[in-house]
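Take a look at the structure set out below.
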Amino acid sequence: MTTFESESSSGTSPAIGRQAFQGLERSCADSIRTAPPLPGIERMEAWFQGNAFELHRHDTYAVGVTLEGVQSFHYRGVARASLPGQVMVLHPDELHDGGAGTEAGLHYRILYLEPSLLMRGLGEGAVSLPFVRQPVFSDPALREDILGLLGPLDRGLEQLAADDLIARLAQGLARHAGQPLKSIGSLAWRQVDRVRDYLEAHALHAVRSQDLEEIAGLDRYALSRHFRAAFATSPHRFLVMRRLGRARALIAAGEPLAEVAVATGFADQSHLTRHFKKAYGMTPGRWAGLVETGRRPDSAAA
Numbered sequence: 002m003t004t005f006e007s008e009s010s011s012g013t014s015p016a017i018g019r020q021a022f023q024g025l026e027r028s029c030a031d032s033i034r035t036a037p038p039l040p041g042i043e044r045m046e047a048w049f050q051g052n053a054f055e056l057h058r059h060d061t062y063a064v065g066v067t068l069e070g071v072q073s074f075h076y077r078g079v080a081r082a083s084l085p086g087q088v089m090v091l092h093p094d095e096l097h098d099g100g101a102g103t104e105a106g107l108h109y110r111i112l113y114l115e116p117s118l119l120m121r122g123l124g125e126g127a128v129s130l131p132f133v134r135q136p137v138f139s140d141p142a143l144r145e146d147i148l149g150l151l152g153p154l155d156r157g158l159e160q161l162a163a164d165d166l167i168a169r170l171a172q173g174l175a176r177h178a179g180q181p182l183k184s185i186g187s188l189a190w191r192q193v194d195r196v197r198d199y200l201e202a203h204a205l206h207a208v209r210s211q212d213l214e215e216i217a218g219l220d221r222y223a224l225s226r227h228f229r230a231a232f233a234t235s236p237h238r239f240l241v242m243r244r245l246g247r248a249r250a251l252i253a254a255g256e257p258l259a260e261v262a263v264a265t266g267f268a269d270q271s272h273l274t275r276h277f278k279k280a281y282g283m284t285p286g287r288w289a290g291l292v293e294t295g296r297r298p299d300s301a302a303a
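If you count by my numbering, then the sequence shown holds residues 2 to 303, one letter each, in order.
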């Protein structure tokens, strides 16, 4: 089996190799798992042995990450191979096939993105869709953005998160296509300040992209770029961190974790746990135990 455990010149990452995909052993047969749909986006995870697809073409971009094995395909008349951790980008209406390049099989995730959505993500002034001439390449930052859009596949992706990731994906593809990136110009401080204040005040409520567009007077992708330039994070991440701050306070007060999750705007306890670990490097349960230990009179001496 081909898997990856360390960052190398091919751009592979230990984080992906240890994710809960559980590799090619997961399936004894070829299989596909699809995610709940998003507007303009289809998301899929697949396991294959041997040849999987005959020559065909999509009317969308196909953007994926090989997780294990070797992904072999013909594209624009040339045989290609994608190794674990590498990004694969296929332009709309280009013939290609695909399958496992070795007997070990293949495991990958891929999204299909409508070109109109990508154009919106590029922002005003974009005159053409990016054409990435090298369909397989290593780019750890772009890979993480793609995997952000691709997971978790068992539930829908939050709208604010999808908006930011699409904007980042559009910029990444334009960069690899050698397409000049348009400057955001003067930073829209008043607009992003209003959005930040709104997110602070409504952190425990559902926030829609349309709400932020109305507050800022900017489309969601422009807002994402300006907000990130001002505060070094996305509107979605800012909102999540406000929720997590409230969750920590409730955990410290001894509230049950399942109730904390509901009270702070997360779908359930597992949703809270995933974001909590990403932000603080431990589970909420572990945090609760440490807080409880810190309350004991002899904890400092121990």
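We treat Cβ as the ideally placed atom computed from N, Cα and C, and that holds for glycine. Here the structure is a predicted model, which means the values were calculated and not measured.
Got a sec, what are the start and stop residues for the beta strand (DSSP E) S73 sits in?
-> Q72 to Y76
Starting from A327, trace the beta strand (DSSP E) both ways and give me its first and last residue.
-> Shown here, the chain extends from 2 to 303; a query on residue 327 therefore has no answer.
Just the Cα atoms here: how many angstroms apart are T284 and G290?
-> 10 angstroms
Cβ-based neighbour list, R244, same chain, cut-off 6 angstroms, excluding 5 preceding and 5 following | A204, T265 and G266
Beta carbon of F74 nearer than 9 angstroms to that of H97 = Contact flag set, yes.
Proximity below 9 angstroms, CB of L143 to CB of R121 | no
For A202 versus L123, is the C-beta spacing smaller than 9 angstroms?
-> no
Own chain residues within Cβ distance below 7 angstroms of D60, not counting five before or after = P93 and D94
Mind checking whether A171 and L119 have CB atoms under 9 angstroms apart?
-> Here A171 is near L119, since their CB atoms are less than 9 angstroms apart.
Can you give me the Cβ contacts of D77 inside the same chain, cut-off strictly under 7 angstroms, excluding the 5 residues immediately before and after it?
-> Note that residue 77 corresponds to Arg in the displayed sequence, not to Asp. Around R77: E95.
Let me know if H57 comes out buried or exposed under the rule of 16 or more other beta-carbons within 10 Å of its beta-carbon.
-> exposed
Residues in its own chain within less than 8 angstroms of L39 by CB, not counting five upstream and five downstream?
-> Answer for L39: G157, L158 and A163, listed in chain order.
Under the assumption that F54 contacts G100 (Cβ atoms under 8 angstroms), give the Cβ distance between them as a whole number of angstroms.
-> Correct: roughly 7 angstroms between the Cβ atoms.
Look at the Cβ atom of S184, then the Cβ atom of V137, and state whether they are nearer than 9 angstroms.
-> Taking 9 angstroms as the Cβ cut-off, S184 and V137 do not qualify as a contacting pair.
Where does S117 fall in DSSP's three states?
-> Helix, per DSSP.
For E215, does the three-state DSSP call read helix, strand or coil?
-> helix
With a cut-off of 8 angstroms, do at least 3 Cβ pairs link the stretch 271-280 to the stretch 233-247?
-> yes
Look at I147 and V71 and say whether their C-beta atoms are less than 9 angstroms apart.
-> Taking the C-beta atoms as reference points, V71 is found no nearer than 9 angstroms to I147.
Taking only heavy atoms of the ligand PLP into account, decide whether any of them is closer than 8 angstroms to the Cβ of W190.
-> For the structure depicted, the ligand PLP is absent and the ligand set is empty, with no information on it obtainable.
May I have the straight-line CA-CA distance separating D220 from R110, to the nearest angstrom?
-> 29 angstroms
Can you tell me the Cβ-Cβ gap for W91 and G41, rounded? I've got them flagged as a contact below 8 angstroms.
-> Strictly speaking, residue 91 in this sequence is Leu, with Trp absent from that position. Contact flag wrong, Cβ pair sits at about 17 angstroms.
Between V196 and A280, what straight-line distance do the alpha-carbon atoms span, to the nearest angstrom?
-> 22 angstroms
Roughly how many angstroms separate the alpha carbons of H177 and E145, rounded to a whole number?
-> Distance between the alpha carbons of H177 and E145: 15 angstroms.
Grab the span of the alpha helix (DSSP H) containing H177 for me, first residue to last.
-> Q160 to H177
DSSP three-state call for A47: helix, strand or coil?
-> strand
Please name the residue or residues paired with V263 in a DSSP beta bridge.
-> Note: V263 sits in no beta bridge, so no partner.
Excluding sequence positions up to five away, which residues of its chain have a Cβ less than 8 angstroms from the Cβ of I252?
-> Within the same chain, I252 has close Cβ partners L258, V261, P285, W288, A289 and V292.
Exposed unless 16 or more other CB atoms sit within 10 angstroms - verdict on G86 = Burial check for G86: the Cβ neighbour count within 10 Å reaches 16 or more, so the residue is buried.
Span of the alpha helix (DSSP H), counted from its first residue to its last, around L245 = Judged by DSSP secondary structure, L245 falls within the alpha helix (DSSP H) whose first and last residues are P236 to A253.
Under the three-state DSSP convention, the category S139 falls into | coil
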